[in-house]
Amino acid sequence: MKKENKPQKNETTTPQTPLHKLQADNNADIFVISGEITRPLSDKLIDEINSIKDKRANALVFLCTFGGDGDAAYIMAKTLKRHYSKLLLYISGFCKSAGTIIALGANKIYISEKGELGPLDVQMNREDELAKSTSGLDTSSAISKMGEEAYNLFETMFITLIASSGANITTKTAADIATQLTSALVTPITEQLDPLKICETDRSIRIASEYSKRLGAKKEVVEKLIYNYPTHSFVIDFEEAKDLFNDVELYSDLDEKASNQIKDIMTGLFSSESIRKPSSRGIAIHITLDQ
Numbered sequence: 025m026k027k028e029n030k031p032q033k034n035e036t037t038t039p040q041t042p043l044h045k046l047q048a049d050n051n052a053d054i055f056v057i058s059g060e061i062t063r064p065l066s067d068k069l070i071d072e073i074n075s076i077k078d079k080r081a082n083a084l085v086f087l088c089t090f091g092g093d094g095d096a097a098y099i100m101a102k103t104l105k106r107h108y109s110k111l112l113l114y115i116s117g118f119c120k121s122a123g124t125i126i127a128l129g130a131n132k133i134y135i136s137e138k139g140e141l142g143p144l145d146v147q148m149n150r151e152d153e154l155a156k157s158t159s160g161l162d163t164s165s166a167i168s169k170m171g172e173e174a175y176n177l178f179e180t181m182f183i184t185l186i187a188s189s190g191a192n193i194t195t196k197t198a199a200d201i202a203t204q205l206t207s208a209l210v211t212p213i214t215e216q217l218d219p220l221k222i223c224e225t226d227r228s229i230r231i232a233s234e235y236s237k238r239l240g241a242k243k244e245v246v247e248k249l250i251y252n253y254p255t256h257s258f259v260i261d262f263e264e265a266k267d268l269f270n271d272v273e274l275y276s277d278l279d280e281k282a283s284n285q286i287k288d289i290m291t292g293l294f295s296s297e298s299i300r301k302p303s304s305r306g307i308a309i310h311i312t313l314d315q
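Okay, so the sequence shown: first residue is 25 according to the working numbering, each after it adds one.
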């Protein structure tokens, strides 16, 4: 459960490194989460949190991910908020899709000039390619574009028929002909759409939306993150993030130095810096500093 904000023994002396100072200033336990957001990764995080005997008041999390499972992202955010008074999120690199769900649950976000968030998106397995995934935005954008193009095609044909006939055909006849021509052109394309996949996409997007709202995000912000961006990879940088999230700051000099120290620690442990680009192995670790 949440801990009282009480000083730690090692914080009574002058911090030894930027990371020590960052920890002391925020009275926070430090975590690194890097890789695809999955249920096994959320289990790792829960185990790490529960292994800490004397928790500090807050959680300071370096998060790096291209996305993953929305359920797991929600579990991670809720677990951190359950055990700590504040969730402080540090973004030194990519924090996309399911990572954005976690970000919506943060009390404060710190982002470097190389850091970027992304739209609220879902990633689904492709049936024709093993271990590949596709973006939910791809499906919804394709459907939206198809509807738009079908309407434009009908409108163009309808107006052209009326104009070229010299008003010798009725509006109803022109509409019937335009409908038949549009249907003949569009049907072969729409027949390739899988209704089950469309429903899956819609359901996954609604799940991401509901999780975000339960983490305290405003409805208008959630809708913007879902519908106002064209691609999964769209960059939400510091300036744009300020308009979307509760409290956002650009990395300070101390933050940059502390993140560089984290890179060194992660490289020593996993041969990968893990906070600029997501780890392929899936990391959720509590960082214990020397006293």
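The C-beta atom is built at its ideal place from N, Cα and C for all residues, glycine as well.
Here the structure is a predicted model, which means the values were calculated and not measured.
Residue 53 is bridged by DSSP to 83. Distance from the CA of residue 93 to the CA of residue 63, rounded to the nearest whole angstrom, comes to 7 Å. By the CB criterion at 8 Å, residue 65 and residue 265 fall outside the cutoff. For residue 105, the uninterrupted alpha helix (DSSP H) segment begins and ends at 94-107.
Taking the Cα of residue 121 as reference, the smallest distance to any Cα among 296, 231, 267 is reached at 231. For the options 128, 70, 197, 115, the alpha carbon positioned closest to that of residue 107 is the one of 70. When 119, 199, 237 are compared, the shortest CA-CA separation from residue 301 is found for 119. Assignment of residue 269 by DSSP, reduced to helix, strand and coil, places it in the coil class. In the structure shown, residue 191 adopts coil according to DSSP, grouped into three states. Of all alpha-carbon atoms in 127, 203, 283, the one lying nearest the alpha-carbon of residue 185 is that of 203.
Here residue 305 is exposed, its C-beta having fewer than 16 other C-beta atoms within 10 Å. With respect to the 8 Å criterion, residue 283 and residue 86 are classified as neighbours on the basis of their beta carbons.
For residue 111, the enclosing beta strand (DSSP E) begins and ends at 111-115. Within the same chain, and ignoring the five residues on either side of residue 178 in sequence, the residues whose Cβ sits closer than 7 Å to its Cβ are 202, 203, 206.
Burial check for residue 263: the Cβ neighbour count within 10 Å stays below 16, so the residue is exposed. Annotation: the continuous alpha helix (DSSP H) that includes residue 243 extends over 243-251.
With contacts defined as CB atoms closer than 8 Å, residue 123 and residue 54 fail to qualify as a contacting pair. Going by C-alpha positions, residue 242 is about 45 Å away from residue 200. The continuous stretches of alpha helix (DSSP H) do not include residue 130, and DSSP gives it neither H nor E.
Going by C-alpha positions, residue 253 is about 43 Å away from residue 190. Counting C-beta pairs with one atom in each stretch, the region 267-275 and the region 88-105 have fewer than three that are closer than 8 Å, which means they do not touch. Counting only the Cα atoms, residue 187 lies some 58 Å from residue 273. Annotation for residue 58: 88, 298, 302, 303, 307 place their beta carbon closer than 6 Å to its own, counting only its chain and skipping 5 residues before and after. Counting along the chain, residue 309 sits inside the beta strand (DSSP E) bounded by residues 307-311.
With respect to the C-alpha of residue 236, the residue from 181, 100, 294, 313 having the closest C-alpha is 100. Rounded to whole angstroms, the Cβ separation of residue 112 and residue 81 is 11 Å, and the two are not in contact under 8 Å.
With contacts defined as CB atoms closer than 8 Å, residue 91 and residue 49 fail to qualify as a contacting pair.
The distance from the Cβ of residue 239 to that of residue 142 is about 17 Å, inconsistent with a contact at the 8 Å cut-off.
Checking the DSSP bridge columns, you'll see residue 118 partnered with 140. A distance of 8 Å or more separates the beta carbons of residue 293 and residue 43.
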